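Student: Before anything else, here's the structure in question.
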Amino acid sequence: MTVPAILVFDSGLGGLTVHAEIVRLRPGARYVYLADDAVFPYGAIPAADLTDRVCGLLGDWIGRAQPDVVVIACNTASTLVLPRLRATHPGLPFVGTVPAVKPAAAQSHSGLISVLATPATVARDYTHDLIRQHAAHCEVELVGSARLATLAEAAMKGEAVPDSAIAAEIAPCFVERDGRRTDHVVLACTHYPLLLDRFRRLAKWHVAWVDPAHAIARRVDHVLAERGFPHEPHVEAIDEIRGEAFFTRDVRPGEDLAAALAARGLRWAKA
Ligand code: DGL
Numbered sequence: 026m027t028v029p030a031i032l033v034f035d036s037g038l039g040g041l042t043v044h045a046e047i048v049r050l051r052p053g054a055r056y057v058y059l060a061d062d063a064v065f066p067y068g069a070i071p072a073a074d075l076t077d078r079v080c081g082l083l084g085d086w087i088g089r090a091q092p093d094v095v096v097i098a099c100n101t102a103s104t105l106v107l108p109r110l111r112a113t114h115p116g117l118p119f120v121g122t123v124p125a126v127k128p129a130a131a132q133s134h135s136g137l138i139s140v141l142a143t144p145a146t147v148a149r150d151y152t153h154d155l156i157r158q159h160a161a162h163c164e165v166e167l168v169g170s171a172r173l174a175t176l177a178e179a180a181m182k183g184e185a186v187p188d189s190a191i192a193a194e195i196a197p198c199f200v201e202r203d204g205r206r207t208d209h210v211v212l213a214c215t216h217y218p219l220l221l222d223r224f225r226r227l228a229k230w231h232v233a234w235v236d237p238a239h240a241i242a243r244r245v246d247h248v249l250a251e252r253g254f255p256h257e258p259h260v261e262a263i264d265e266i267r268g269e270a271f272f273t274r275d276v277r278p279g280e281d282l283a284a285a286l287a288a289r290g291l292r293w294a295k296a
């Protein structure tokens with residue numbers, strides 16, 4: 026039996042948070058990680074332009090990588106382009122990443138939840154529909170951050186990112202109303218779990234940070250099983266190179282980024 030090929034896609038490094046969880050469930054798969062960093066951040070790109078960009082780029086890379094499943098490890102893209110991608114590539118499964126509003130709303134005790142995402146994701150109809158469907162009983166604070174994804178990339182590349190910059194971006198997530206406090210914050214941009222330790226340290230009070238990466242990995246595992254690729258024994262530590270990472274800007278990574286890629290089973294390759 027051949028091993029499955031998995032194409033994981035994001036605007037930059039955020040998709041690595043999802044990729045790492047998939048590798049733990051599917052260590053034997055062949056991976057292509059594609060980052061469209063030539064136009065990062067996606068959160069600042071108008072919807073129609075972004076749809077054309079992502080569909081065109083992925084069309085090329087699907088031809089090149091011949092994946093068995095494509096993971097759109099980006100909320101900003103998933104909340105927009107999944108219908109068109111599925112219509113253009115019938116028969117190829119796409120697994121998207123959309124704000125985890127449903128589990129946050131189901132688990133909240135205070136009824137106050139926040140969704141931390143790019144300005145584009147918080148403005149999407151898709152996000153508003155999710156809230157209507159799954160969080161009608163909650164008060165939902167939508168926090169669109171224009172800077173956090175860029176700060177997360179800088180931190181991963183080993184650049185100094187001051188606590189004050191991060192604290193200012195997450196501060197609006199913490200809402201107090203009628204003696205109640207926000208108790209769940211949805212990490213609705215795949216970049217944000219890269220900063221989770223800092224978020225925890227800089228939080229105004231304890232909250233549950235909802236990262237859907239593991240659930241997405243389970244979905245990918247399931248989709249592959251349905252397509253005839255048997256489940257594999259899971260691994261905790263990723264200690265082998267499992268695939269290549271391509272960046273549309275095509276700049277060779279520095280030492281810190283190369284190490285971060287290797288820790289996720291990837292080596293940089295020229296696009
Ligand atoms: N990682 C992306 C997401 O999940 C967005 C970052 C960007 O603005 O490019 O939304």
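Heads up: the sequence shown begins at 26 in our numbering, then just goes up one per residue.
Virtual Cβ for every residue (Gly too), placed ideally from N, Cα, C.
Every value quoted in this text rests on a predicted model; they were computed, and no experiment measured them.
I need the straight-line Cα distance from A238 to G204, nearest angstrom please.
Tutor: Taking the straight line joining both Cα atoms gives about 32 Å.
Student: Between the segment 216–227 and the segment 154–166, can you find at least three pairs of beta-carbon atoms closer than 8 Å?
Tutor: Counting Cβ pairs under 8 Å, fewer than three are found: no touch.
Student: Hey, would you say L137 sits closer than 8 Å to R89, going by beta carbons?
Tutor: No.
Student: Counting only the same chain and skipping the five closest in sequence on each side, list residues whose C-beta sits under 8 Å from that of I323.
Tutor: The structure shown has nothing for residue 323, since the chain only spans 26 to 296.
Student: Here's a check: name, in chain order, each residue in its chain whose Cβ is nearer than 7 Å to the Cβ of F65, leaving out the five neighbours to either side.
Tutor: Correct list, in chain order: S36, G37.
Student: Could you name each continuous alpha helix (DSSP H) segment of 4 residues or more that falls completely within the segment 55–95, going from the start of the chain to the end?
Tutor: Entirely contained in the segment 55–95, the alpha helix (DSSP H) runs reaching 4 residues are, in chain order, 72–90.
Student: Exposed or buried, what is A73 when buried is set at 16 or more other beta-carbons lying within 10 Å of its beta-carbon?
Tutor: The residue is exposed, with fewer than 16 neighbouring Cβ atoms inside 10 Å.
Student: Relative to the alpha-carbon of R111, which residue among C99, K127, N100, G84 has its alpha-carbon at the smallest distance?
Tutor: Looking at the Cα atoms, G84 is the closest of the given residues.
Student: Cβ of C99 within 7 Å of any heavy atom in the ligand DGL?
Tutor: The answer is yes for C99.
Student: Could you check if H256 belongs to the surroundings of the ligand DGL, using beta carbon to heavy atom distance under 7 Å?
Tutor: Checking the Cβ of H256 against the ligand DGL gives no.
Student: State whether the segment 249–265 contacts the segment 149–157, with contact taken as three or more CB pairs (one from each stretch) at a distance under 8 Å.
Tutor: Segments in contact, no.
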